[in-house]
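Chemist:
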Amino acid sequence: MSYSGRMQNEHYYSVFFAPRGRDRMYDLGMQIAQLYLSPFDKLIGIIGEAGSGKSMLIKGMFPGLELTNDDNGINMRPLPILDQSEDGYFRAHTYHLDIRFESAFTQIGTLADAIRQAISNGKRVVVEHFEMIYPLLGFNANLMIGVGDEIIVSRPTIFGPLPSELHDKVSVSIRYRRMAHTAEDLCEIFLPRAEYDRCFHRDIKHGFLLAFEERPPKVDLDELELKVSTAIASDLPISYVDDGHVRIGDIVHPCTGPRTHVSSTGKVEEFRLLHRIVYDPIERQYLIAGRVGPGIGGESIDDVNDFNLD
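Sequential numbering from 20 applies to the sequence shown in my numbering.
(1) How about M44: is its Cβ closer than 8 Å to a heavy atom in the ligand MG?
(2) DSSP has D222 in a bridge; who is on the other side?
(3) Am I right that I65 and V145 are in contact with their C-beta atoms under 8 Å? What's the rounded C-beta distance?
(4) When DSSP labels each residue in this structure, what does L210 get in the three-state scheme?
(5) State the Cα-Cα distance for the pair T87 and R197, rounded to the nearest angstrom.
(6) Only counting the same chain, and skipping five residues up and downstream in sequence, which positions put a Cβ closer than 7 Å to that of Y45?
(7) Alpha carbons only, please: which of E242, S190, A199 and C218 is nearest the one belonging to G285?
(8) So L162 and R174 are supposed to be a Cβ contact under 8 Å. How far apart are they, rounded?
(9) DSSP three-state call for R41: helix, strand or coil?
(10) To test your reading of the DSSP string, which unbroken beta strand (DSSP E) runs of 3 or more residues are found completely within the stretch 233-266?
(11) Helix, strand or coil: how does DSSP classify S282 here?
(12) Quick one: Cα of S319 to Cα of L293, how far?
(13) Does G48 pass the burial test, meaning 16 or more other C-beta atoms within 10 Å, or should it be called exposed?
(14) Quick one: give me the first and last residue of the beta strand (DSSP E) that D216 is part of.
(15) Which word fits H280, buried or exposed, when buried means at least 16 other C-beta atoms lie within 10 angstroms of its C-beta?
(16) Determine the extent of the alpha helix (DSSP H) in which S74 is found, giving its start and end residues.
(17) Looking at F209: is its Cβ nearer than 9 Å to the Cβ of L185?
(18) Assign H225 to one of two classes, buried (16 or more other C-beta atoms within 10 Å of its C-beta) or exposed (fewer than that).
(19) Should the stretch 110-119 be called in touch with the stretch 180-194, which here means at least 3 C-beta pairs below 8 Å?
(20) Assuming D261 contacts S283 under a Cβ cut-off of 8 Å, what Cβ separation, rounded to an integer in Å, is found between them?
(21) Looking at N170: is its Cβ nearer than 9 Å to the Cβ of F36?
(22) On a CA-only basis, which of F158, I193 and G167 is nearest P180? Give me that one, please.
(23) Quick one, which of D239, A160, T249 and R303 has its alpha-carbon nearest E289's?
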């Protein structure tokens with residue numbers, strides 16, 4: 020029996036927390052590539068809203084790949100995938116394109132034809148907003164990734180999932196990730212300086228963790244929650260400054276995911292802190308846990324272990 024390169028056919032669906040920082044997204048992209056990407060995959064479909072971190076994930080999965088439009092608005096022209104030569108000797112092995120962006124300049128049918136040609140030439144194509152091009156392609160991606168509150172990795176078959184199904188999931192859930200990120204940064208702003216300097220980030224479903232090593236943080240959680248809740252009630256505007264900073268009201272705050280925020284603090288729904296510091300004996304860390312979003316349980320001491328099951 021010959022080897023067809025389909026050893027991963029049994030993989031159907033994996034879910035990761037979607038981190039909010041640039042470095043963590045790069046690292047997760049590298050991990051996903053190592054675990055799930057096959058050298059035989061020719062079409063990679065990426066699905067997610069603007070600001071969800073798709074580009075960071077792609078850069079982690081494919082180090083060195085030049086994106087045709089990046090977060091700084093530098094756009095490659097002519098679009099490389101539309102300029103394929105017959106011999107292709109000096110052409111890239113992997114093409115990238117953003118369907119939502121490119122459809123403003125090129126007929127979407129032309130983009131579909133270019134993808135087919137690249138695949139037939141043995142090239143790999145990484146397609147952002149894959150759900151937009153799928154109806155014209157007529158075939159699914161080898162590997163499909165949705166980026167929302169969680170990152171969903173799927174290897175579709177003729178039985179699904181369809182790109183539209185993945186899009187429906189991540190387009191709804193991204194709001195929780197944006198709310199959680201804003202609440203997380205507000206907590207950082209109001210932490211005592213000594214504690215802020217040593218904290219780092221972990222993730223829980225519909226929320227965030229501020230982690231501290233060696234000793235528990237010296238912080239009044241009731242006071243911290245009140246300060247953050249007051250800032251949320253003030254509905255302060257939030258705006259991108261640069262790749263390393265976000266502006267919340269009049270404060271410019273360090274942030275490596277400055278696009279993954281709500282537009283103002285008032286859009287953070289039902290923020291609350293767990294009113295005790297949790298110790299993780301496995302990682303040897305002390306954790307401050309925050310949650311956002313309506314109708315989510317798991318706030319009492321007795322059901323902390325159910326946070327990720329909500």
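Using N, Cα and C, we set each Cβ at its ideal position, and we do this for glycine too.
Modeler: On the basis of the coordinates in this document:
(1) Although the ligand MG was asked about, the structure shown includes no ligands whatsoever.
(2) What you label residue 222 is simply residue 203 of the sequence shown in a count that begins at 1. Looking at the DSSP assignment, D222 forms a beta bridge with F227.
(3) Numbered from 1 along the sequence shown, position 46 holds the residue referred to as residue 65. Numbered from 1 along the sequence shown, position 126 holds the residue referred to as residue 145. With 8 Å as the limit, I65 and V145 qualify as a contact, their Cβ atoms being about 7 Å apart.
(4) Reading the sequence shown from its first residue, position 191 is the one you call residue 210. It is coil, neither helix nor strand.
(5) Residue 87 sits at position 68 when you count from the first residue of the sequence shown. Residue 197 sits at position 178 when you count from the first residue of the sequence shown. Rounded to the nearest angstrom, the two C-alpha atoms are 25 Å apart.
(6) Taking the first residue of the sequence shown as 1, we reach residue 45 at position 26. For Y45, where only same-chain residues beyond five positions count, the Cβ hits under 7 Å are M75, K78 and G79.
(7) Here residue 285 corresponds to residue number 266 of the sequence shown, with the count starting at 1. Of E242, S190, A199 and C218, the residue nearest in Cα terms is A199.
(8) Locating residue 162 in the sequence shown gives position 143, where the first residue counts as 1. Locating residue 174 in the sequence shown gives position 155, where the first residue counts as 1. Right, their Cβ atoms sit about 6 Å apart.
(9) Your numbering for residue 41 matches position 22 in the sequence shown. Reduced to three states, the DSSP call for R41 is helix.
(10) 257-261
(11) Here residue 282 refers to the residue found at position 263 when the sequence shown is read from its first residue. Of the three classes helix, strand and coil, the one that applies to S282 here is coil, per DSSP.
(12) For the purposes of this step, residue 319 is taken as the residue at position 300 of the sequence shown. For the purposes of this step, residue 293 is taken as the residue at position 274 of the sequence shown. With a pLDDT of only 49 at S319, under 50, the local geometry of the prediction cannot be trusted, and no value is derived from it.
(13) On the sequence shown, residue 48 is found 29 positions in, with the first residue counted as 1. It counts as buried.
(14) By one-based count along the sequence shown, residue 216 stands at place 197. Run containing D216: none; DSSP gives neither H nor E here.
(15) Translated into positions along the sequence shown, residue 280 becomes position 261. Per the 10 Å Cβ criterion, buried.
(16) By 1-based counting over the sequence shown, the position of residue 74 is 55. Run containing S74: K73 to M80, per the alpha helix (DSSP H) assignment.
(17) Counted from its first residue, the sequence shown places residue 209 at position 190. Counted from its first residue, the sequence shown places residue 185 at position 166. With contacts defined by Cβ atoms closer than 9 Å, F209 and L185 do not form a contacting pair.
(18) Residue 225 sits at position 206 when you count from the first residue of the sequence shown. With 16 or more Cβ atoms within 10 Å of its Cβ, H225 is classed as buried.
(19) no
(20) What you label residue 261 is simply residue 242 of the sequence shown in a count that begins at 1. What you label residue 283 is simply residue 264 of the sequence shown in a count that begins at 1. Going by Cβ atoms, the distance from D261 to S283 rounds to 20 Å, so no, they are not a contact pair.
(21) Within the sequence shown, the letter at position 151 stands for residue 170. Within the sequence shown, the letter at position 17 stands for residue 36. The amino acid occupying residue 170 in the given sequence is Ile; Asn does not appear at that position. Result yes, Cβ atoms of I170 and F36 sit closer than 9 Å.
(22) Here residue 180 refers to the residue found at position 161 of the sequence shown. Nearest of F158, I193 and G167 to P180, Cα basis: F158.
(23) Here residue 289 refers to the residue found at position 270 of the sequence shown. Closest by alpha carbon: T249.
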